[in-house]
Amino acid sequence: MAMDVTTEASNGMPFLENSLPSVLPDSFAEGTVAWSKSGTIASITPDGLYVEFRFLRCNPDDGSWQLGEPTRCDLLSGSDTVPLVHLAWSPTAVPELAVLDGVGRLSLLAFPHALNKAHLSRKWDADLVDDLNAVVGCHWLNLMPPSRQFNVLHGPAVKDNNKYRYETSFIHSFGPYHPNATKSSLLCVTTNGQLKLFYSQNTGRIEELPMDIERIGSTDDMITHASICTDKNFLYLALATASRQLKLVKVTLQWGQAASDKPGVVNPLHPTLVERHLASTSWHQYGPNDSPFDSAMTQISHIEALPSTLENDGQAWSPPLILTVRSYLPSPDSPYQEVASIIDRWQVLVDQPQTVHPAFASLGGQRQTPTSDVQPATRLQKGEPLTFNKVIVGLQVLQFGKVLGISFSDGTLEYRDRLTLNEIYHEPNVERIGNPHQVAADGALKWKHLQFSEEDIGNSTQDPQYSPVIAALTVATGAAIYYMSTFDDILAVARPFADKKRFNYDFANDVLSMLKVTVDYSEESHHDNLVRNTHLQMCLSILANLGFHGQYHPRTFGSKFSTLALNARNIVILVTIASNAPSHLKDRLSPLDEPEVIEALAGCAKWSIDLISWLADSLFSLLDDPKFTALVKDPAKFSAVTAYLQEKNDVALHLLLCSSTRGLLVAVCRRLQHLDALGNRVIGFWETQALQQGQPDAKVPNFALHRAYQRMQQITSSSLVKAQEFEKLLAQLGSDIRSTYSTVLTAMISKAVGQPPPQAGAAISKHLDTAIKQAQAQCELGMLLGGPIHPMFRKALGQFFASHLAGFKVTVDPARLFFHDYSLLEIAADSPESFAKKRAGAVYIDMFRKVEISPGQADQHPNGNDGGASGRSNGPVWSGLWRRCVSVFWGIELATQGIIATIDRSPPLLQAC
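For the sequence shown, position 367 matches number 1536 in our numbering, and the numbering has no gaps at all.
Next up, the structure:
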């Protein structure tokens, strides 16, 4: 994926000279810009004094993607004499940033709650200030994959007739890993020949383990560049010295953790490092056939060690590889005024000892060394160099070591095959797509992203470029989703096509298909698996973002559907977490004893009640709509129902028909009933306590907590729609849909496969059962993506509107529903008048607390009004800094952080995409 943050030059050489890491150790500058797995872009300011954080942001005004403004980190700083020189992100789910200065001091910044807000997990105050400790190479250990032995590589997309088939391969995964699967460890090589291991002890404390790998006797022995890679459960260190030596060192890491005899007790780690020097050579070997540039390139700017990998035939292993980069920048008086870079490469070969004929043992009467004692010899064999007529500024290993990415000073990228180093992805290839590239400097930080060369890719799969573009984006997005990485940069590439009629649905459909995401929850009564289905949530986020065109513009049908579903899911998670006190909060506090948490839960209850009330009102409108009723009753016109609903931008019926969103609505109803019971129980307890005020042991309630519970209890008790009645309505519809699947769909599939329909209660053959489940999943997928409602549901829909909904209608007041204010949902009204009113009022919704906030209001309840059950929600408001959710990464972590942020009184979080 051609996503790169670069510093571009406006006038050539001075910038290049400053951007290239020199041979001196204090210019370890390749990592002055680093992009985290979660989307935070960290960079060192040009003066080397500060670290700044940026991220890609979805503009709330028009939905376009931009590079955000920098946020300076004040937790640490460099100086004029000792600047900051290197940044490196950990691969962990909660990202951690290693910040190194010019003398090798290390600070670690953790980002548990926000993309641009960090706290120090390790300070460098105790580190020595010594130039010889300058770091010349570092490496975070990989995380242990779930399968332990393999990483999953999604793609390529292979064209099969007019569709694409997404292949999946498995890449061997090798340690060493941190014993805690959620942790990583940092390895650093210093210029004085030390290897340092920074690791998290089981207590959470960061500890350091140093080891000498080189003896430095003079300045010629100083290490100028180093690279570390993991290979078959040990480490390779490639070292370049000031005397132009290239050395290879093998390091074994043992964690030394003894098994514990007591359950629940984890023994501390006692890691050890063992090094072994394998081979050395010169990294500058000038020969008579080399170019004139070669002799002038006497300094290296980059070094990269690549582990061994399987050959394409899957039989043999290719040897490890060491790459070095040398660049030529002409001086004003140089006869050669063209810039150039050379990549030199060395294969790490192992020569097995030769066996000697036993007869030689008797010659000369001398004692012979046993052959078994002779160790294999390792050597570095130089290969053909690669020459470029531009300057290389970065190397990166991609796709688990299968691809090498090369970035250049002009902002361009090249991809090279790891085995052959031949260029790949540089020519259009719609038959086998592994990367979107196949389908398509004043020193300031700028964002350069892929833009397809085709101005118009068409509107359907019949157009030659339409399907290849979707396949390319799907391969990139699927890999990011599978490994829980941000994919905002990919959505920025897809944004120009979002206005095409079916592009968003086709894109999401391919991602769902490639990842084999479960979408059928029609048979499940418990919703734990549904809520934990993060892949489904990510695909809904794609639809939500691509259909977002600004906070004062209506969302598309798919975006409106997905946004409501995602918010409902977050409500379920928030209520669940608050009610079950996470283990890391139990010793600190109980969330239900915090007024801020109860205020947030009250806001969630108000939003949930507004949601089911709005759904009921929308369904009543359809019930009274003669055109809609005629379409449902007429079999010949039933296929036009979805088109009519999309024209009205009415997603209510689809939210009920789709089993995954229906399951979320059922979960919301149950959480509402839980909050109602909780409020009644607490208020009842305090009322009993109030009668005992005269007794000496009577407890006086916390006033803020008491008020929060009163507000929540008032909201739930005065709901326009009773949660239990709406859940009953959902259960009736779900029962009819399951009945349709078990009768009509089963008969249809039986007929299609040439078998008689099975009798009621009779066993179904495995082949038929598989075919029925596949067809059922396709029906669910169609409703999830806004496709036509299958004709087999016509009878169930007729019964729903004629019987179930009519029976439900007598339990509510339709007039109150019609005139109720649903602005808390943000997407209920799509008219220009409603958006004009919203703009004029400057009212926003806190994403977690689900309350309206306005600039300049104080953090209190205006005029003593607690919001109650009125149309507007006047909960806690804010006058200080605001936060805005600018990423589509709607993870479970966000909901967890919502409760934590609420407890910590963090600023409000506004939704933008």
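The beta-carbon is built from N, C-alpha and C at its ideal position, and this holds for glycine as well. Every value quoted in this text rests on a predicted model; they were computed, and no experiment measured them.
key: Contact the segment 1281-1292 vs the segment 1202-1214: 3+ CB pairs below 8 Å   = yes
query = Using DSSP with H/G/I as helix, E/B as strand and the rest coil, what is Arg-1241?
reply = By one-based count along the sequence shown, residue 1241 stands at place 72. Here Arg-1241 sits in strand by DSSP.
ask   = Quick one, are the C-beta atoms of Thr-2094 and Lys-1352 less than 8 Å apart?
value = Any question about residue 2094 goes unanswered here, given that the chain covers just 1170 to 2082.
message = Run through the DSSP bridge pairs and tell me what Ser-1576 is partnered with.
response = Here residue 1576 refers to the residue found at position 407 when the sequence shown is read from its first residue. Ser-1576 pairs with Gly-1563 and Leu-1582.
query = Taking contact to mean at least 3 C-beta pairs separated by less than 8 Å, is the segment 1437-1456 in contact with the segment 1364-1371?
reply = yes
query = Unbroken beta strand (DSSP E) runs of length 3 or more, entirely within the segment 1196-1237: which are they?
reply = 1202-1204, 1210-1213, 1220-1223, 1225-1227 and 1234-1236
inquiry  = Starting from Trp-1855, trace the alpha helix (DSSP H) in both directions and tell me its first and last residue.
reply    = Within the sequence shown, numbered from 1, the residue matching residue 1855 stands at position 686. Segment 1828-1860, the alpha helix (DSSP H) holding Trp-1855.
key: Candidates Val-1263, Tyr-1652 and Pro-1239: closest to Asn-1320 by CA position   = Position 151 of the sequence shown, counted from the first residue, corresponds to residue 1320. Per the Cα distances, Tyr-1652.
task = Say whether the segment 1691-1708 touches the segment 1798-1814, bearing in mind that this needs 3 or more beta-carbon pairs closer than 8 Å, one atom from each stretch.
result = no
message = Whole angstroms are fine: how far does the CA of Glu-1765 sit from the CA of Leu-1590?
response = Stepping through the sequence shown from its first residue, residue 1590 is reached at position 421. Stepping through the sequence shown from its first residue, residue 1765 is reached at position 596. The alpha-carbon atoms of Leu-1590 and Glu-1765 are separated by roughly 57 Å.
task = Evaluate Gly-1976 with the Cβ neighbour count: other Cβ atoms within 10 Å of its Cβ, from every protein chain shown; 16 or more gives buried, anything less gives exposed.
result = For the purposes of this step, residue 1976 is identified with residue 807 of the sequence shown, where counting begins at 1. Looking at its Cβ environment, which holds fewer than 16 other Cβ atoms inside 10 Å, Gly-1976 is exposed.
Given Val-1572 as reference, the closest of Leu-1490, Ala-1661 and Ala-1821 once Cα atoms are compared = Along the sequence shown, one-based indexing puts residue 1572 at 403. Residue Leu-1490 is the option with its Cα nearest to Val-1572.
query = Assuming Gly-1716 and Asn-1673 make a contact with CB atoms under 8 Å, what is their CB distance in whole Å?
reply = In the sequence shown, residue 1716 corresponds to position 547, counting from 1. In the sequence shown, residue 1673 corresponds to position 504, counting from 1. Right, their Cβ atoms sit about 6 Å apart.
task = Alpha carbon to alpha carbon, how far is Leu-1588 from Ala-1485? Give it in angstroms, no decimals.
result = For the purposes of this step, residue 1485 is taken as residue 316 along the sequence shown, with counting starting at 1. For the purposes of this step, residue 1588 is taken as residue 419 along the sequence shown, with counting starting at 1. Rounded to the nearest angstrom, the two C-alpha atoms are 12 Å apart.
request  = Tell me, please, which residues DSSP counts as bridged to Phe-1987.
outcome  = Reading the sequence shown from its first residue, position 818 is the one you call residue 1987. Paired residue(s): none; Phe-1987 is not in a bridge.
request  = Report the option in Glu-2002, Thr-1703 and Lys-1775 whose CA atom is closest to the CA atom of Ser-1887.
outcome  = Within the sequence shown, residue 1887 is the residue found at index 718, counting from 1. The residue with the shortest Cα to Cα distance from Ser-1887 is Lys-1775.
ask   = Alpha carbon to alpha carbon, how far is Thr-1209 from Lys-1292?
value = Indexing the sequence shown from 1 puts residue 1209 at position 40. Indexing the sequence shown from 1 puts residue 1292 at position 123. Thr-1209 and Lys-1292: Cα-Cα distance of roughly 21 Å.
query = What does DSSP give as the partner residues of His-1288 in its beta bridges?
reply = The count along the sequence shown starts at 1 and reaches residue 1288 at position 119. Answer is Ala-1279, bridged to His-1288.
task = State the DSSP-derived secondary structure class of Gln-1901, mapped to helix, strand or coil.
result = Here residue 1901 is taken as the residue at index 732 of the sequence shown, counted from 1. Gln-1901 falls in the helix class under three-state DSSP.
key: Segment contact, 8 Å Cβ cut-off, at least three pairs: the segment 1788-1796 with the segment 1653-1662   = no
task = Could you pull out every residue in the same chain whose Cβ sits closer than 6 Å to the Cβ of Phe-1895, ignoring the five residues on either side in sequence?
result = Position 726 of the sequence shown holds residue 1895. Correct list, in chain order: Ile-1781 and Cys-1838.
query = In angstroms, rounded to a whole number, what distance separates the CA positions of Ser-1276 and Val-1304?
reply = The residue given as residue 1276 occupies position 107 in the sequence shown. The residue given as residue 1304 occupies position 135 in the sequence shown. Near 13 Å, if we compare the C-alpha coordinates of Val-1304 and Ser-1276.
request  = Leaving out five residues on either side along the sequence, give the residues of the same chain with a beta carbon under 7 Å from the beta carbon of Arg-1738.
outcome  = Taking the first residue of the sequence shown as 1, we reach residue 1738 at position 569. These residues qualify, in order along the chain: Val-1700, Gln-1706 and Leu-1833.
ask   = Can you tell which of Ser-1682, Ser-1470, Gln-1883 and Ala-1900 has its C-alpha closest to the C-alpha of Ala-1409?
value = The residue labelled residue 1409 in the question sits at position 240 within the sequence shown. Nearest C-alpha to Ala-1409: Ser-1470.
key: Beta-carbon contacts of Ala-1448 that lie in its chain and below 6 Å, excluding the five residues immediately before and after   = On the sequence shown, residue 1448 is found 279 positions in, with the first residue counted as 1. So the qualifying residues of the chain are Leu-1417, Thr-1547, Arg-1548 and Leu-1549.
query = For Val-1560, which option in Val-1358, Tyr-1497, Leu-1619 and His-1606 has the closest C-alpha, if you only look at C-alpha atoms?
reply = Residue 1560 sits at position 391 when you count from the first residue of the sequence shown. That would be Tyr-1497, whose Cα lies nearest to the Cα of Val-1560.
ask   = Which same chain residues, not among the five before or five after Pro-1960, have their C-beta less than 6 Å away from its C-beta?
value = For the purposes of this step, residue 1960 is taken as residue 791 along the sequence shown, with counting starting at 1. Same-chain partners within the cutoff: Phe-1807.
inquiry  = For Ser-1196 and Ile-1213, I'd like the C-alpha separation in whole angstroms.
reply    = Walking along the sequence shown from the start, residue 1196 turns up at place 27. Walking along the sequence shown from the start, residue 1213 turns up at place 44. Bear in mind that a pLDDT of 38 at Ser-1196, under 50, signals an unreliable position, so the number given afterwards is only what the model happens to contain. Cα-Cα distance, rounded: 13 Å.
message = Quick check on DSSP: helix, strand or coil for Arg-2041?
response = The residue given as residue 2041 occupies position 872 in the sequence shown. In this prediction, Arg-2041 scores a pLDDT of 45, lower than 50, which makes its location untrustworthy; the coordinate-derived value is nonetheless stated afterwards. Coil, per DSSP.
inquiry  = Whole angstroms are fine: how far does the CA of Met-1380 sit from the CA of His-1341?
reply    = Residue 1341 sits at position 172 when you count from the first residue of the sequence shown. Residue 1380 sits at position 211 when you count from the first residue of the sequence shown. So the alpha carbons of these two residues sit roughly 29 Å apart.
inquiry  = Please state the DSSP three-state secondary structure of Thr-1643.
reply    = In the sequence shown, the residue the question calls residue 1643 occupies position 474. Three-state DSSP puts Thr-1643 in a helix.
inquiry  = With DSSP as the reference, identify every bridge partner of Ser-1369, one or two as the case may be.
reply    = One-based indexing of the sequence shown puts residue 1369 at position 200. Paired residues: Ile-1375.
request  = Please classify Thr-1798: does DSSP put it in a helix, a strand, or coil?
outcome  = As a working note, residue 1798 is residue 629 in the sequence shown. Thr-1798: helix per DSSP, three-state reduction.
inquiry  = Comparing C-alpha positions only, which one of Gln-1363, Arg-1226, Thr-1581 and His-1347 sits nearest to Ile-1385?
reply    = Numbered from its first residue, the sequence shown carries residue 1385 at position 216. Ranking Gln-1363, Arg-1226, Thr-1581 and His-1347 by Cα distance to Ile-1385 puts Gln-1363 first.
request  = Entirely within the segment 1680-1759 and at least 4 residues each: give me those alpha helix (DSSP H) ranges in chain order.
outcome  = 1697-1700, 1703-1715, 1726-1748 and 1752-1755
Three CB pairs or more closer than 8 Å across the segment 1896-1904 and the segment 1970-1986 = yes
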